[in-house]
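Residue numbers (the numbering used here), protein chains in the order written: chain C, 524 to 715; chain V, 524 to 715; chain S, 524 to 715; chain F, 524 to 715.
Notes for the one structure printed next.
There are 4 protein chains.
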Amino acid sequence: MSKSRLEAFSDGVMAVIITIMVLEMKVPHGVEAAALAPLVPVFLTYVLSFVFVGIYWNNHHHMFQAVHHVRGATLWANLHLLFWLSLVPLVTGWMGTNHLASLPTAVYGIVLLGAGCAYYILTRVLLAGHGQDSPLARAIGRDAKGKVSIVIYAVAIALAFVHPLVSCALYVIVAGTWLYPDPRFERIFSGK
Amino acid sequence: MSKSRLEAFSDGVMAVIITIMVLEMKVPHGVEAAALAPLVPVFLTYVLSFVFVGIYWNNHHHMFQAVHHVRGATLWANLHLLFWLSLVPLVTGWMGTNHLASLPTAVYGIVLLGAGCAYYILTRVLLAGHGQDSPLARAIGRDAKGKVSIVIYAVAIALAFVHPLVSCALYVIVAGTWLYPDPRFERIFSGK
Amino acid sequence: MSKSRLEAFSDGVMAVIITIMVLEMKVPHGVEAAALAPLVPVFLTYVLSFVFVGIYWNNHHHMFQAVHHVRGATLWANLHLLFWLSLVPLVTGWMGTNHLASLPTAVYGIVLLGAGCAYYILTRVLLAGHGQDSPLARAIGRDAKGKVSIVIYAVAIALAFVHPLVSCALYVIVAGTWLYPDPRFERIFSGK
Amino acid sequence: MSKSRLEAFSDGVMAVIITIMVLEMKVPHGVEAAALAPLVPVFLTYVLSFVFVGIYWNNHHHMFQAVHHVRGATLWANLHLLFWLSLVPLVTGWMGTNHLASLPTAVYGIVLLGAGCAYYILTRVLLAGHGQDSPLARAIGRDAKGKVSIVIYAVAIALAFVHPLVSCALYVIVAGTWLYPDPRFERIFSGK
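Next up, the structure:
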């Protein structure tokens, strides 16, 4: 089964997600600088979510270059990932407009955790269909960064009820570690 | 006539449908757990609709792999299917915010019924353009699951005015039977 | 210059247009049949606009199959067409919620007229880049249907201030004549 | 690394951006000509933004035809450009509904400036991965128009606090100079 339509559909969904998030930032009513002030936390949350969706698109892009074929289970594992990502605009708007209140910050983390787990499941489903010596298997390796990210999300969710600002800092840190495309895949492909 | 642009357009429309549904879930106003309570039925309806659109995308993807060429009538049969799917976000929002009231539950079923019939028509139009011995014809076979789904939708619509909860359970059951990609197509392609 | 990215971008824009139109139909507030009544004209307008955008996508698809190459001017002629189509959701919502009042009905016609003229310009730009004997030139021919449609739109706009219902009937009639893909292109390709 | 998925994702994001801008123009409440009056500046701003996004799509399309391969840094430079473009619908709505007030006009310029700088960075990242004699390097050349545009945006932002109308005229002038696809790339490809 060809992977091209799965890539095209994923590109479409992620393109819509990353773009409609901006609709959560309502056009300011006033024309004074003060009218922009309430938008600042919304804007910063928007930037964070844009980076997260960008990271998922980048990693998805990199990983699927090493994918040789997809099965029925791959389609659903991929839709499961897109499901969690589709919730990002909603929780971005909620966290952004509530100045890092505990519950929205925790729910934001739950969506990141869900997406992280869904991505991990997707890698497992793909690995099950490729050999131990496939370029995909060598590229994914032990996937330590993916596993550590999931643990940090879980910690951040719990911390949100004590220090939501720390949770938010953890989200930023995780995003920072993923900003560069995975060198494992770069290495594989440059070695070709 | 090439099928690639029909696939690309369908991917685009389904990607937008599955993503803008989230806009029907309004950002909660409060930051207490109580603020999330009214979102619960909306969220569950969102999950159900996400799964339904995902099923259509999966089946569309599988079926078009066996499609060899498309005609003018195929384009309209496909647009007819996309029309019914485009109504899903609207009825999802209506059913979700009204706690399974009779009319919204029935209208939700009407949209599912319309999409089911449109998909059936699409398979007939495609079969008319392919031979009796084509991979497509063998893959579609008697299409018992498609026909039974349509009957169940009709029953659920009628039941919505008596027991809307039963209707909703029927929608969930139909979705469950379709969750796995059609083994008929998997068999055809793995046999290659 | 390759036509594939122009097709992909056009598919994307038309997919978003045809899908976000549904956002103009607001989720009804009540759960009685009466709550659906005000949606009926909005829904009928939605169906009409869906068919119009579908026609443009179909014709675009058919025409570009005969296109061999695109130039810089083609990109802008195509964007000009997408510009008018992008206004369809706005005027659909306005005409639908105002029960065929004169001004919204006329403005709806102006957008159809703009799209019709833009499509005509696009065919001229494409023809200028292909020979008189190209498959494209033979397929487009005298383009009588395109020219008549533009005249009917102009008549309907004027009539909207006297009998908006007649204008609307004219829009439906034009859509009806375009519903089937252009036999000229079918003939060309089946002859291959 | 293949450039096709980067192109597909960029097409998707720009298609959504150019289309959801129309959602910022709210359906008018009345049916009199007076109901359209407040939409006029919003509409003109919409046209300007549509042209700007169209210019970026056109230039992106032209430039990537000369691109041979992409790296991890290219993906992020491209996402950076898409980030600034994703803010266009928001600032379009703000400037349009406030009749060229100083602050919205300046913020509109800041987004154009950001997109201009992001495009410049993208060209530098691409050039770093291609040789001095590559078709891409010859096509981009000194990129005088790109640099002058950035300077004009900066001037327009400052002027917005004195004469916002002049700033707006500068935006229109810059758009005008970019309306035609870059002859440098046309020359390269027609020379093939």
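The C-beta atom is built at its ideal place from N, Cα and C for all residues, glycine as well.
When secondary structure is reduced to three states using DSSP, Ser-525 (chain S) falls in the coil class, being assigned neither helix nor strand. Straight across, the Cα-Cα distance linking His-583 (chain C) with Ile-644 (chain C) is about 13 Å. The DSSP-derived three-state label of Gly-619 (chain F) is helix.
Counting along the chain, the unbroken alpha helix (DSSP H) around Arg-647 (chain V) starts and ends at 625 to 651. Around the beta carbon of Val-536 (chain F), a 10 Å sphere encloses 16 or more other beta carbons of the protein chains shown; the residue is thus reported as buried. In the structure shown, the three-state DSSP call for Val-685 (chain F) is coil.
Note that the C-beta distance between Ala-600 (chain V) and Val-648 (chain V) is below 8 Å. Thr-568 (chain F) has a beta carbon lying at 8 Å or more from every beta carbon in chain C. Following the DSSP letters along the chain, one finds Arg-594 (chain V) in no alpha helix (DSSP H), marked with neither H nor E. Relative to Ala-638 (chain F), the option among F:Leu-626, F:Trp-607, F:Asn-621 and F:Trp-701 whose CA is nearest is F:Trp-607.
Contact of Leu-602 (chain C) with chain V is assigned, a C-beta pair being separated by under 8 Å. The Cβ neighbour count for Asp-656 (chain V), taken over all protein chains shown within 10 Å, is under 16; the residue is labelled exposed. Cβ contact annotation for Val-689 (chain F) (same chain, cutoff 6 Å, sequence separation greater than five): Leu-682, in chain order. V:Asp-534 is the residue among V:Val-685, V:Leu-650 and V:Asp-534 whose C-alpha sits nearest the C-alpha of Leu-602 (chain C).
Cβ atoms of Leu-562 (chain S) and Pro-551 (chain S) come within 8 Å of each other, at about 6 Å. Val-614 (chain V) carries a helical assignment under DSSP once its states are collapsed to helix, strand and coil. The distance from the Cβ of Tyr-676 (chain C) to that of Leu-636 (chain C) is about 4 Å, consistent with a contact at the 8 Å cut-off. Out of V:Leu-605, V:Gly-669, V:Leu-529 and V:Val-614, the CA that lies nearest to the CA of Val-574 (chain S) is found in V:Leu-605. The beta carbon of Phe-573 (chain V) falls within 8 Å of a beta carbon belonging to chain C, placing the residue at that interface. With a cutoff of 8 Å on beta-carbon distance, Val-565 (chain F) and Asn-621 (chain S) are scored as not near each other. Per the C-alpha coordinates, the member of V:Leu-559, V:Val-611, V:Val-685 and V:Arg-594 positioned closest to His-653 (chain V) is V:Arg-594. Contact of Met-548 (chain C) with chain F is assigned, a C-beta pair being separated by under 8 Å. Contacts with chain F at 8 Å (Cβ-Cβ) do not include Pro-564 (chain S). Contact annotation for Asp-534 (chain C) against chain F: Arg-528, Ala-531, Phe-532 and Gly-535 [CB-CB distance below 7 Å, chain order].
Val-614 (chain C) has its alpha-carbon roughly 30 Å from the corresponding atom of Val-611 (chain S). Around the beta carbon of Ala-538 (chain C), a 10 Å sphere encloses 16 or more other beta carbons of the protein chains shown; the residue is thus reported as buried.
The three-state secondary structure of Val-697 (chain F), taken from DSSP, is helix.
DSSP places Val-574 (chain S) inside the alpha helix (DSSP H), whose first and last residues are 562 to 588.
Counting every other CB atom within 10 Å of its CB across the protein chains shown gives Phe-684 (chain C) a total below 16, marking it as exposed. Inclusion of Glu-530 (chain S) and Arg-661 (chain V) in the CB contact set at 8 Å is not warranted, their separation being larger than that value.
When the five nearest sequence neighbours on each side are left out, the beta carbons in the same chain lying within less than 6 Å of the beta carbon of Ala-641 (chain F) are those of His-603, Leu-604 and Trp-607, in order along the chain.
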